[in-house]
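Each residue of the sequence shown is one higher than the one before, counting from 1 in the numbering used here.
Below is one structure, written out as structure tokens; the observations come after it.
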Amino acid sequence: MTPGDEDCSPAKENKMTLRRFAAPAALALLISLGLTACSDDGAEETVSKVDDGPRYVVQPLSEVAARAGGSAAADVVPQNDSTLSAELAATVRSIDADVGDRVAKGAVLLTLDPTDYRLQLNQADAQVAAAKAASEQADARLARARDLHGKRFVSDDDLSAAITNAEAAAADLRIRQAARAVAARQLDKASINSPFDGVVVQRMAQVGAAVAPGAPLMRLIDLAQPQVEARLQPAQAVALSGASNITLNVGDQRYPLVVAQVAAAADPGSRTRVARLDFTAEHPEPGLSGTLSWTQRGFELSSSLLVQRDGGFGLFSVRDGKAQWIPVPGAEAGRSSMVDLPADLPVVTYGQQSLKDGDAVVTGRKPVQAEPAVAADTSTDGE
């Protein structure tokens, strides 16, 4: 083969084929990597542009920390929940309200047999009448004794005795009158009346059944102004006292609330404090359960964003292009912490462990480091 002739051997043809497709393949690889970089560039966080050095992701505090707050199980309870009991030993004569009935304050719910107590009242009336007659007679004798004493017909001792008898008769009358009032009060107890506007939720009494003092007869609840009751841990109780945006969540419904009272001391058994809250607008009926939730001023910062410096924990922000160390008082390793900082505070969320206070941090879009493409071999054998 002469020098001017072309080498048409199979090996030469393979090399030429590789040269023909190497450049387009390398270009396609670079385009693919460029598209990936553009895709990653859409992230919201910003990072430093410093080449060949540590990179720091910086995000607003509101995007990396949740609003401080809490939640607890809660129940809708009536302000008044009363179990009405018998105050007499008697037989149930009639039941005038049943479960589900709405009743007004003062309405008769149940009546006990009043026969025995009416007889006692009649007896008391008779005793009052007798005592009144005796007192009037004693007063008349005293008046006559005083008249005769002025005429020297009655001695001083007789006048003193007449005065004593009149006073004793008057005292006995007052005793009989008090006994009569007790008998009348006992008779009134035979009628069980509603102490407030409400609804009957339980009836334990039966017509004809004998009941003793203290025996439960009916349960009545007040529907007018229910409250929310929750048992809270001591820390939750303190947080709730100064919280805002307090709501009761029942399914898809949210009911705004205000704190009515929080128990000053914890229950020794459950070690919880009872909180009562009032509805500010519409409210569900008592008996429902839901979740009590509230928010507080500030944010709850994850422990992963905390950095230990000078024996304490804190976070790094960026101010005028430099890292700013912000201590978080009371922060502990592995536990989230409460911070009262602006929502738009720029927080270093990546690379903060390597930062020092005052380090330069120039932020920009997040770069993508692609591995360098391998250049295609376009040289020819022997060249």
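In this text, a Cβ means the ideal position worked out from N, Cα and C, and glycines have one as well.
Check	Outcome
Which residue marks the beginning of the beta strand (DSSP E) containing P256, and which one marks its end?	Q253 to V262
Please say whether L112 and D96 have beta carbons closer to each other than 8 angstroms?	no
Going along the chain, which residues of its own chain have a beta-carbon closer than 7 angstroms to the beta-carbon of G334, five neighbours each way excluded?	S303
Does the stretch 163 to 171 come close enough to the stretch 130 to 141 to have 3 or more Cβ pairs within less than 8 angstroms?	yes
With H, G and I counted as helix, E and B as strand and the rest as coil, what does DSSP make of V76?	strand
Can you look up I326 in the DSSP assignment and give me helix, strand or coil?	strand
Any heavy atom of the ligand ATP inside 7 angstroms of the beta-carbon of G242?	In terms of ligand content, the structure shown is empty, and the ligand ATP therefore cannot be addressed.
Can you look up Q236 in the DSSP assignment and give me helix, strand or coil?	helix
Take Q225 as the anchor and find which of V77, A73 and L61 has the nearest alpha-carbon.	V77
Per DSSP, which one or two residues make a beta bridge with N249?	R254 and T291
Is it the case that the stretch 203 to 223 contacts the stretch 270 to 278, given that we only count it when at least three CB pairs across the two stretches are under 8 angstroms?	no
Check this for me: beta carbons of V401 and A323, under 8 angstroms apart or not?	Only positions 1 to 383 of the chain appear in this structure, which leaves residue 401 out of reach.
Identify whether V361 lies in helix, strand or coil by the three-state DSSP scheme.	coil
In the DSSP assignment, find the beta strand (DSSP E) that holds Y350 and state where it starts and stops.	P346 to Y350
May I ask you to list the residues that DSSP assigns as paired with D278?	Q227 and V258
Rounded to whole angstroms, what's the CA-CA distance from Q202 to A86? Just pull it up for me.	15 angstroms
Quick check: the stretch 98 to 108 against the stretch 188 to 200, are at least 3 beta-carbon pairs closer than 8 angstroms?	yes
How about V318 and V328: do their beta carbons lie closer than 8 angstroms?	no
Pop quiz: G290 and L248 are said to be a contact at Cβ under 8 angstroms. What is the actual Cβ separation, rounded to whole angstroms?	5 angstroms
Quick one: Cα of K151 to Cα of I175, how far?	35 angstroms
Should the stretch 118 to 137 be called in touch with the stretch 206 to 217, which here means at least 3 C-beta pairs below 8 angstroms?	no
What do you get for T349, buried or exposed, if any count of 16 or more other CB atoms within 10 angstroms of its CB means buried?	buried
Which full runs of the alpha helix (DSSP H) of 4+ residues lie inside the stretch 125 to 158, going along the chain?	none
With distances taken from CA atoms, which of R146, Q177, D252 and T164 is nearest Q389?	Residue 389 lies beyond the range of the chain shown here (1 to 383); nothing can be said about it.
Under the rule that 16 or more other beta-carbon atoms within 10 Å means buried, what is P234, buried or exposed?	exposed
CA-CA distance, H283 and Y255?	7 angstroms
Between S55 and G321, what straight-line distance do the alpha-carbon atoms span, to the nearest angstrom?	The question names Ser, but residue 55 in the sequence shown is Arg. In a straight line, the C-alpha of R55 is about 13 angstroms away from that of G321.
State the CB to CB distance for the pair A68 and G251, rounded to an integer number of angstroms; the pair is presumed to be in contact (CB under 8 angstroms).	With 8 angstroms as the limit, A68 and G251 do not qualify as a contact, their Cβ atoms being about 25 angstroms apart.
What's the call for F316, buried or exposed, on a 16-neighbour Cβ count within 10 Å?	buried
In or out: S244 buried (at least 16 other Cβ within 10 Å) or exposed?	exposed
Measuring only the C-alpha atoms, how far is P213 from G269?	31 angstroms
Quick one: Cα of E332 to Cα of V64, how far?	18 angstroms
Apart from the five residues just before and just after L187, which ones in its own chain have a Cβ nearer than 7 angstroms to its Cβ?	P114, Y117, R118 and L121
Label R231 either buried or exposed according to how many other C-beta atoms from any shown protein chain fall within 10 Å of its C-beta, with 16 as the threshold for buried.	buried
Would you kindly work out how many angstroms separate the C-alpha atoms of R144 and F196, rounded to a whole number?	56 angstroms
Would you kindly report the start and end of the unbroken alpha helix (DSSP H) that includes L109?	Unbroken run through L109 is the beta strand (DSSP E), V108 to L112; no alpha helix (DSSP H).
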